[in-house]
Every structure is written in structure tokens, then in C-alpha cells.
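Report on one structure; see the data block that follows.
Number of protein chains: 2
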Amino acid sequence: MAVYTDVSDTDLNSFLEAFDLGAVLSFKGIAEGVENSNFFLKTERGSYFLTLYEKRVQEEDLPYFLGLLEHLSARGIPCPLPVRARDRKQWRSLNGRPAAIVTFLSGLSPRKPDVQQCGEVGAALARLHLAGSDYLFHRANALSVQGWKPLVKSCEPRANAVAMGLGQTIVSELRLLEERWPAGLPEGVIHADLFPDNVFFMDGKVSGIFDFYFACNDAFAYDIAVALNAWCFEPDGAYNITKGRALLSCYRAVRPLTGAEVAALPVLARGAALRFLLTRLHDWLNRDPRALVTVKDPVEYLTKLRFHQGATGAASYGWPS
Amino acid sequence: MAVYTDVSDTDLNSFLEAFDLGAVLSFKGIAEGVENSNFFLKTERGSYFLTLYEKRVQEEDLPYFLGLLEHLSARGIPCPLPVRARDRKQWRSLNGRPAAIVTFLSGLSPRKPDVQQCGEVGAALARLHLAGSDYLFHRANALSVQGWKPLVKSCEPRANAVAMGLGQTIVSELRLLEERWPAGLPEGVIHADLFPDNVFFMDGKVSGIFDFYFACNDAFAYDIAVALNAWCFEPDGAYNITKGRALLSCYRAVRPLTGAEVAALPVLARGAALRFLLTRLHDWLNRDPRALVTVKDPVEYLTKLRFHQGATGAASYGWPS
């Protein structure tokens, strides 16, 4: 949780002159998002979010991300819609950073998703995949197997300080995934970070999907594997197969999976667990104690990885046979 | 800036069952306020703020603070109005802390108040003093001269690490203020912390005054002295007498000052500067590098104190002769 960049009233007012949103009624830094500075913005026209992109999001990726939000919104996905400036730009500069205004989404993120919510998010993910299938832009997944190698290399020497044997685990897991990583699965735009805190619910239904700043083109089934990791484990580390079954069966009711996708689920789930284990481990080992950021525990994903290592097939995740 | 206490969707929904606000549309931790956890809350009924009182605010003081907001709101002061629960309670428990919901105020806080804003805030402060004059409850100022003594005692041994000679300065300044502190000035409810970030403006007018958690009964002129410190110095440390004149003349146009109040301004300004110097110094010396809080620079108030030490009378602050 953090606001990195402070925006003064005068800076805000001159920024907003480029938009057609009327006078500002309220502007508040939001204590969420660890990558960007986020603000709640209320104007005479309505409620919005203003995001200042800090160093992790590259300005050259913004056409992909913001264009995707427009594309998905037009197809009925409840995601934020960028508010273009009077000159039609999707973002402009504020305090030396690219800054975009998007529409406000209603809803609450579930702290502990229940079975019904897991089903709803499965269906929403499938709708997202279908809606994005004709998106024309392309962005590679920087955090797939090739991207894990430098993370393993930089984390391995100090990983055992976090958990006994973790250094060896990430090295051998990477090696195994490099060998077994599937190719040729159905691909398209994936969210790649669909955690409960990136989804809103209202009245039990998905009312918002957001934080698309890891979105990229990759296998749809990898996105499912990320979601299984993010939604279907209990706080004690146990996999909840009932939640997994709900997520998978609601997904496939919207977009059927190929046999190859089903067969690949265990290895994709291992990969997804390693991806979050590595980025959290990297952030943990390189955390700045002065920064206003809560660093997430990497060990949670080591526990999940251990489960996936023991999985015998898609049935282990609740795939309905 | 900080959110100390995290509130889950389920905790929030059960808390709100006690209120008549309809379903939640949005709930966001706000990155402001260093003493409490603050959330933006949007429901079917409107926009609100939810505050969880952390350790600094004592639950036994809440009737004074929240009752004051009701009292002032009823008299037209643009401050937050507590939303009472169905059982008429002004606050209830959430995550083990007292929690209150108040109405949402529109406006922006000025980063660099201009002369006109200094005048407006002077008039608003005078209206606040008049509106609070018939408030029945009483709360002593815990951060007046008696309250500074333990702060001086605890900070003095390490103060020179912050600025050369600071230890001696706070000891001698406290001694002088103990001797010269005025008694018998007109008293009533004062805000006691009226900084620009506790005031909203819209269209050049004061649209909101908030953060009353230092409010207490004390000399009105001391509140003016706090405001002179908070509003009328430039970032380089220079006192801006034009801003001071605007603040003072707009104040007295609403509530005339007695001769004793005018004469006391320099010593009250010294006291106000010492008060913020001491609390900032205390926070600085005892800061927790892991806490998600930005500690304010105490030296800013040493500079202000030096100005006040050289003041020859109210005219030094722009008091219109």
C-alpha cells in the first residue's frame, strides 16, 4: 500500500485542464497498489481513478494496457475505461510521470473468496479471454519461463535465508519447467495477475476486473493456473478442491478447454506458483525498509508449489471428469 | 500517510448492518492521516468517510470530538457530520477499534496557501470559535505548557542529534514560556491543529474543516497563533507578513480581539511553534523505520520559533495597526 508521488492541488488543476471533467470535488491518495500511485478523483462529472505510472510500468506499454481496457469495455467486460483527454490522448504527463484517468468501478474485493465467488471469477476469466481474442496489439509475457531465469539467478544465493533449501528448490524447479513447459496451447490476451484484490464483487457477481498491468499474450490455460493459485488455497496453505472445481467448471462452461490445456494444468500451476514465488522472493530480498510498501510473504508460494509438485493431473485441481 | 488497520469485506458488511446506509459500492483505504485509519466509503446512500481510531485517540474523548462535529455542523460550519448508527450511537466497534462514519466533504487542501486563502481561513477560524462558544463539553489542552514539559524532558538528551544546540533551546524556551504564558484570555473550543491539510477549499472559499482530534478548550488567540505558524510561512522559512495580515484582519472582522489577545500574540506564537517542534522532535527521535508513516521535519518549527523569538509585537505578524 502506498502513494509514491504526491500531487498538489495546483498540479492537479492544471493537469485536469486537458480533460473535460469539470471542477474537482475531491482528490484522495489511495492506500493500495504497490506499483503505481493511485488517487480517487471526484469531479462535477463523476467519480474516477487517477493513476500515476511509477517506474515498473513502461510508458511504451501504455498503448497496450489502455487500449486493452477500451477494447474489453466495449465488449462488456466490467473493467476501468480510460477517460481520454480533449486531445484524445489516453494519458498525459503529471509530475513527470505518465498519468491516466479511468472510470470508477463499484464493488468490494473478497478477502476470503468463497466457492461461489471462485465460480464467478472462473466464468469472468473465460469471458475476458473471449473478449480479448480479437485484440490487435501484442505484448510478450515478460514473466514466463525466460523471465524467471534472471530472477532465479539473482535470488538463489540468498534464498536459503528465507526458507531452508529454497535456493535448491527454485533452481531445480526452473530446470524442470524449462523442459516441460507446454507449447502450442490456445493463446490470447491474459490478465496474468488475477488475484482477489484485482476483482470486485457486488451481490455475489463480478462487478469489476482491474489492474491489467501484467496483461500480455500467452496461453489462456496459464491464466487459469494463476487464478487457481490465487483463489483456491486456504490461509493454512491447503488447496480447496471444491473451490478449484467451481472455478474450472464455470470457466469451461463459457470457454471449453482443449485436451492439451487440461493435461497441461499441473505444470502450468507449478509455473504460476514459481512466478509469484520468485517475484515475491526478489522483492523480499531487495526490500527497502524505508519504503511505504508491505512486501508479500514468498513462503506462501513455496507451500503452493509443493502442492503442485504432488499433483497427478487436472483431477487434483477439481477438473470435472 | 498510512492505513494501519485492514478491514475485510465481510467485517465491513457486518459493521454496516448497524447503520442505515444501504449496500456498499466502494471502500478504499486513504493514504492520509497519521493517527487513524481512514477509508473512503460509498454506499447506496452517498459518500462517507470511515475512521478507525488507533491508539492516539482515546475512546473516552470521542463524545467530545464527535459531539463537537454535530454541534458545529448544526451551526453551519462545514465539518464532517457523524452518521449515527440505527441505535443512535456515534461510533461502534470494528476490528477491535472504535470506528465512526462521517459525511464526505468536497474540496482540495492547498499545498501552498495564497494570501486570499490565508484570509479565508482566518475568517473560517473566527466563525469556528463563535460556533463552538456554546458547546457544553470540556476537554483540556493536553499539549499546552504543562504537556510540553515531559516532551522536553524526553527529547532534550538526544535533541542535538537533530540540530546543534536544540536541546538547550527547548529547555530555555520552555522555561521562558512557563513564566510568560498568558492567563485569562477569552477561551472556548479551539481546533488546535488547523493546518492547510485539514482545510478544503472550493472556488477560493473554505469548503471543509476537519481532523478535530486535537480540539480542546483553550484560548482562542492560541488557535490563531497555531494558524499563523501553519499558514503564513514560506517554504524557505520566511514569515509572509502579507499572509499574516490577511489571516488576522479577516479573523477580527468576524470576531474582534481584545487588547490582551493582541498583546499575547508573539508569546502564543512562540508556544505554538514549540508545541509542533516538540511533537515532531519526539516523533522523529522515536520513529519506527518499519512504520508506514512519513515523519515530519522538526527543524521547520525551530526556524519558525527563531522568527517568533525576534518578534517585537503583534505588528510583526501583520496585525493591522
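Residue numbers (our numbering), protein chains in the order written: chain Z, -11 to 309; chain W, -11 to 309.
Backbone N, C-alpha and C fix where the C-beta goes; we use that ideal spot for every residue, glycine too.
It should be emphasised that the depicted structure is a prediction, and the values quoted were computed from it without experimental measurement.
Rounded C-alpha distance that separates residue i from residue j
i: residue 166 of chain W; j: residue 256 of chain W; result: 11 Å
i: residue 303 of chain Z; j: residue 29 of chain Z; result: 46 Å
i: residue -11 of chain W; j: residue 19 of chain W; result: Bear in mind that the predicted position of residue -11 of chain W carries a pLDDT of just 42, short of 50, making it too unreliable to give a figure here.
i: residue 249 of chain Z; j: residue 216 of chain Z; result: 14 Å
i: residue 127 of chain Z; j: residue 218 of chain Z; result: 23 Å
i: residue 1 of chain W; j: residue 146 of chain W; result: 47 Å
i: residue 42 of chain W; j: residue 57 of chain Z; result: 38 Å
i: residue 92 of chain Z; j: residue -2 of chain W; result: 22 Å
i: residue 7 of chain W; j: residue 16 of chain W; result: 18 Å
i: residue 245 of chain W; j: residue 168 of chain W; result: 19 Å
i: residue 239 of chain W; j: residue 205 of chain W; result: 19 Å
i: residue 306 of chain W; j: residue 27 of chain Z; result: 38 Å
i: residue 254 of chain Z; j: residue 297 of chain Z; result: 8 Å
i: residue 63 of chain Z; j: residue 35 of chain W; result: 30 Å
i: residue 115 of chain Z; j: residue 60 of chain Z; result: 10 Å
i: residue -5 of chain W; j: residue 155 of chain W; result: 42 Å
i: residue 152 of chain Z; j: residue 132 of chain Z; result: 25 Å
i: residue 222 of chain W; j: residue 228 of chain W; result: 7 Å
i: residue 276 of chain W; j: residue 142 of chain Z; result: 29 Å
i: residue 137 of chain W; j: residue 162 of chain W; result: 7 Å
i: residue 24 of chain W; j: residue 80 of chain W; result: 15 Å
i: residue 68 of chain W; j: residue 37 of chain Z; result: 23 Å
i: residue 247 of chain W; j: residue 99 of chain Z; result: 60 Å
i: residue 301 of chain Z; j: residue 260 of chain Z; result: 16 Å
Beta-bridge pairing of residue i - partner residues as DSSP gives them
i: residue 206 of chain Z; result: Z/176
i: residue 193 of chain W; result: W/190
i: residue 70 of chain W; result: W/90
i: residue 128 of chain W; result: W/205
i: residue 17 of chain Z; result: Z/27
i: residue 12 of chain Z; result: Z/31
i: residue 36 of chain W; result: W/29, W/91
i: residue 221 of chain W; result: W/227
i: residue 80 of chain W; result: W/87
i: residue 41 of chain Z; result: Z/24
Given residue i as reference, the closest of the options once Cα atoms are compared
i: residue 52 of chain Z; options: Z/233, Z/143, Z/120, Z/195; result: Z/120
i: residue 14 of chain W; options: W/25, W/7, W/33, W/24; result: W/33
i: residue 125 of chain W; options: W/54, W/11, W/24; result: W/54
i: residue 189 of chain W; options: W/86, W/221, W/97; result: W/97
i: residue -7 of chain Z; options: Z/79, Z/85, Z/202, Z/7; result: Z/85
i: residue 196 of chain W; options: W/112, W/151, W/271; result: W/112
i: residue 214 of chain Z; options: Z/230, Z/80, Z/258, Z/117; result: Z/258
i: residue 177 of chain Z; options: Z/211, Z/161, Z/191; result: Z/211
i: residue 241 of chain Z; options: Z/49, Z/110, Z/40; result: Z/110
i: residue 73 of chain Z; options: Z/260, Z/10, Z/244, Z/193; result: Z/10
i: residue 171 of chain W; options: W/276, W/80, W/24, W/251; result: W/251
i: residue 103 of chain W; options: W/232, W/285, W/149; result: W/232
i: residue 288 of chain Z; options: Z/262, Z/122, Z/38, Z/59; result: Z/262
i: residue 94 of chain W; options: W/201, W/193, W/228; result: W/193
i: residue 292 of chain W; options: W/275, W/220, W/271, W/45; result: W/220
i: residue 294 of chain W; options: W/198, W/191, W/158, W/179; result: W/158
i: residue 140 of chain Z; options: Z/23, Z/227, Z/265, Z/185; result: Z/265
i: residue 47 of chain Z; options: Z/274, Z/243, Z/201, Z/273; result: Z/201
i: residue 39 of chain W; options: W/90, W/225, W/275, W/106; result: W/90
i: residue 117 of chain W; options: W/207, W/134, W/269; result: W/207
i: residue 267 of chain W; options: W/175, W/130, W/247; result: W/130
i: residue 4 of chain W; options: W/174, W/23, W/82; result: W/82
i: residue 299 of chain Z; options: Z/283, Z/65, Z/226; result: Z/226
i: residue 107 of chain W; options: W/270, W/284, W/271, W/236; result: W/236
i: residue 286 of chain Z; options: Z/273, Z/301, Z/269, Z/274; result: Z/269
i: residue 230 of chain W; options: W/308, W/122, W/187; result: W/308
i: residue 70 of chain W; options: W/135, W/199, W/290, W/105; result: W/199
Cβ-heavy atom distance, residue i to the ligand GDP, below 7 Å
i: residue 179 of chain Z; result: With respect to the ligand GDP, the structure shown offers nothing to examine, as it has no ligands at all.
Residues of the region 10 to 28 of chain Z whose Cβ lies closer than 8 Å to any Cβ of chain W, in chain order: 11, 12, 13, 14, 15, 16, 17, 18, 19, 20, 28
Uninterrupted alpha helix (DSSP H) stretches inside the region 85 to 121 of chain Z (no shorter than 4 residues): 103 to 120
Within 9 Å of chain W by C-beta, residues of the region 83 to 104 of chain Z in sequence order: 92, 93, 94, 95, 96, 97, 98, 99, 100
Where the region 138 to 166 of chain W meets chain Z: residues whose CB sits under 8 Å from a CB there: none
Chain W contacts from the region 28 to 40 of chain Z (Cβ-Cβ distance under 8 Å): Taking 8 Å as the Cβ-Cβ cut-off against chain W, the residues of the region 28 to 40 of chain Z that qualify are 28, 30, 35.
Near-chain W residues of the region 215 to 226 of chain Z (beta-carbon distance less than 8 Å), N- to C-terminal order: none
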